[in-house]
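Novice:
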Amino acid sequence: MESYGTILKRSREEKNIDRDTAARETSITVECIRGLEEEDTSAFPGEPYMVGFLRNYAEYLGVNPDTVMSLYRSKAIQESPVPDGLFVKHKSSFFIPIIVGAGIFVVAGAAAILIISKFSRANKNGSVVVAQDMGAKTYELTDKPLEKRLFRGDKIVYPSEKGKIILTVSDTLTSFGLDTPVGTLRTDLAEEAELDVDGDAKSDIIVYVSDISSTEASRGAEVRMLVRRQDSDMLPIDEIAIEDASQNPLDPQRHPQTVILEDNRAYPFTVNASFRGPCEFRYRVDRKRSSENYFTNGEVVMVTANNGVRVWMSNGNTVKFTVVADTKNYDLEIGKAGQVLVEDIKWVRDSEGKYRLVVVELD
25 MESYGTILKR SREEKNIDRD TAARETSITV ECIRGLEEED TSAFPGEPYM
75 VGFLRNYAEY LGVNPDTVMS LYRSKAIQES PVPDGLFVKH KSSFFIPIIV
125 GAGIFVVAGA AAILIISKFS RANKNGSVVV AQDMGAKTYE LTDKPLEKRL
175 FRGDKIVYPS EKGKIILTVS DTLTSFGLDT PVGTLRTDLA EEAELDVDGD
225 AKSDIIVYVS DISSTEASRG AEVRMLVRRQ DSDMLPIDEI AIEDASQNPL
275 DPQRHPQTVI LEDNRAYPFT VNASFRGPCE FRYRVDRKRS SENYFTNGEV
325 VMVTANNGVR VWMSNGNTVK FTVVADTKNY DLEIGKAGQV LVEDIKWVRD
375 SEGKYRLVVV ELD
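Right under this line is the structure:
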């Protein structure tokens with residue numbers, strides 16, 4: 025059977041697509057595409073990135089992603105070291121009676137404990153009370169993103185206007201399932217979905233799944249959840265949070281501006297920065313404290329903003345930006361090789377009251 029890397033490479037070559045074109049159309053760096061086709065896991069900062077890129081790249085090439093993921097999992101299992109517990113260690117026959125006796129004693133003791141526990145916890149009608157699963161955890165959503173590995177039975181508390189709503193993780197195999205008052209809502213790997221959990225026809229939370237197994241539900245799912253702000257509380261001070269383009273026009277010669285999208289309202293958006301080379305990168309979200317670090321090829325930064333993001337970069341050509349807004353993806357090519365840049369990606373409002381998400385190059 026062919027390996028997943030061979031299948032991906034052959035499919036790309038049959039379609040006469042080079043790696044540069046594939047990288048541009050998928051927002052996956054050339055180095056990561058090479059890593060997928062050559063099955064080089066060192067090209068990725070972690071397994072969640074490789075799993076997400078592998079599924080997206082397979083779908084882009086028209087290859088069955090489930091087949092590719094199955095081949096990847098099989099290879100990962102084959103290459104993993106055999107646990108010490110699977111090796112049979114030969115014991116002297118002198119110890120066999122001792123081991124057998126000890127085993128019988130342990131089993132008898134465990135059975136006695138279970139029987140005593142069962143009868144001691146029976147109620148007056150003789151029915152047995154089932155103990156609650158202590159493994160399940162409860163998390164409460166706030167105005168900050170929740171990033172956790174969730175397992176079946178875990179509960180998420182969503183603070184709605186009508187009170188708290190309990191969401192229960194029901195599935196962590198292939199897709200992430202969440203039991204809500206309106207039914208089970210699912211999110212696939214590497215998908216960002218806006219979920220309506222109370223049936224009011226409005227998005228309540230944003231869910232992004234970065235890692236989930238197609239063979240082992242017990243591994244859980246790596247999930248990022250964010251409360252979706254509604255129009256009434258999204259931008260409480262428009263005059264300050266969003267620039268009014270009619271009162272403070274930007275000189276197109278001094279501040280080149282590119283419009284990403286237009287809408288009759290503003291809402292949170294996500295910026296994904298993928299690095300294809302070394303770069304000193306700093307960003308600030310919604311006028312909060314800025315963060316700065318040195319990034320190299322294959323690393324990714326993801327931030328979510330309500331109003332705007334300001335980014336500084338030492339080499340504009342080494343960063344590929346993808347903006348996710350209203351469940352749509354917009355790819356941005358901002359800088360040139362060696363160019364030091366400062367950019368704003370933000371909402372502005374025109375004289376007619378409409379909103380534009382724009383990229384503004386600053387001095």
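Add 24 to the 1-based position in the sequence shown for our numbering, that's all there is to it.
Cβ coordinates follow ideal geometry from the N, Cα and C atoms, glycine included.
1. Given that a residue counts as buried once 16 or more other Cβ atoms are within 10 Å of its Cβ, and exposed if not, what is A100?
2. Could you tell me the distance, in whole angstroms, from the CA atom of S35 to the CA atom of L85?
3. Assign V324 to one of two classes, buried (16 or more other C-beta atoms within 10 Å of its C-beta) or exposed (fewer than that).
4. Return the residue from the list T198, T208, S199 and E185 that minimises the CA-CA distance to L191.
5. Report the three-state DSSP secondary structure of I41 (helix, strand or coil).
6. Between the C-alpha atoms of R243 and L381, what's the straight-line distance to the nearest angstrom?
7. Could you say which of F305, D350 and S238 lies nearest to N288 if we only look at CA atoms?
8. When the distance is taken between beta carbons, is R313 closer than 9 Å to L386?
9. Return helix, strand or coil for Y318, following the three-state DSSP convention.
10. Measuring alpha carbon to alpha carbon, tell me which of K172, M249, D212 and V364 ends up nearest Y182.
11. Quick check on K344: does DSSP put it in helix, strand or coil?
12. Along the chain, which unbroken stretches of the alpha helix (DSSP H) at least 4 residues long are found entirely within the segment 195-261?
13. Which same chain residues, not among the five before or five after S227, have their C-beta less than 8 Å away from its C-beta?
14. Hey, quick one: how far does the beta strand (DSSP E) through V332 stretch, first residue to last?
15. For a test of the three-state rule: what should DSSP assign to N88, helix, strand or coil?
Specialist: Reading off the structure:
1. By 1-based counting over the sequence shown, the position of residue 100 is 76. Answer is exposed; the Cβ neighbour count stays below 16.
2. To locate residue 35, count along the sequence shown from 1; it is residue 11. To locate residue 85, count along the sequence shown from 1; it is residue 61. Each residue's Cα considered, the two are about 6 Å apart.
3. Taking the sequence shown and counting its residues from 1, one reaches residue 324 at position 300. Classification for V324: buried.
4. As a first step, residue 191 is located in the sequence shown; it is residue number 167 there, counting from the start. L191 has its Cα closest to that of T208, out of T198, T208, S199 and E185.
5. Indexing the sequence shown from 1 puts residue 41 at position 17. Coil at I41, not helix or strand.
6. What you label residue 243 is simply residue 219 of the sequence shown in a count that begins at 1. What you label residue 381 is simply residue 357 of the sequence shown in a count that begins at 1. If you take the alpha carbons of R243 and L381, they lie about 38 Å apart.
7. Counting from 1 along the sequence shown, the entry for residue 288 is found at position 264. The shortest Cα separation from N288 among F305, D350 and S238 belongs to D350.
8. Here residue 386 refers to the residue found at position 362 of the sequence shown. Here residue 313 refers to the residue found at position 289 of the sequence shown. Not in contact: L386 and R313 (Cβ atoms no closer than 9 Å).
9. As a working mapping, residue 318 is identified with position 294 in the sequence shown. The answer is strand: DSSP assigns Y318 an E or B state.
10. On the sequence shown, position 158 is the one that residue 182 refers to. Per the C-alpha coordinates, the member of K172, M249, D212 and V364 positioned closest to Y182 is M249.
11. The count along the sequence shown starts at 1 and reaches residue 344 at position 320. The answer is strand: DSSP assigns K344 an E or B state.
12. Listed in chain order, they are 255-258.
13. Counting from one through the sequence shown, the residue named residue 227 turns up at place 203. Closer than 8 Å at Cβ, skipping near neighbours: E218, L219, D220 and R252.
14. One-based indexing of the sequence shown puts residue 332 at position 308. The sequence given here places Gly at residue 332; Val does not occur at that position. Counting along the chain, the beta strand (DSSP E) containing G332 begins and ends at G332 to M337.
15. Within the sequence shown, residue 88 is the residue found at index 64, counting from 1. Residue state, collapsed to three classes: coil.
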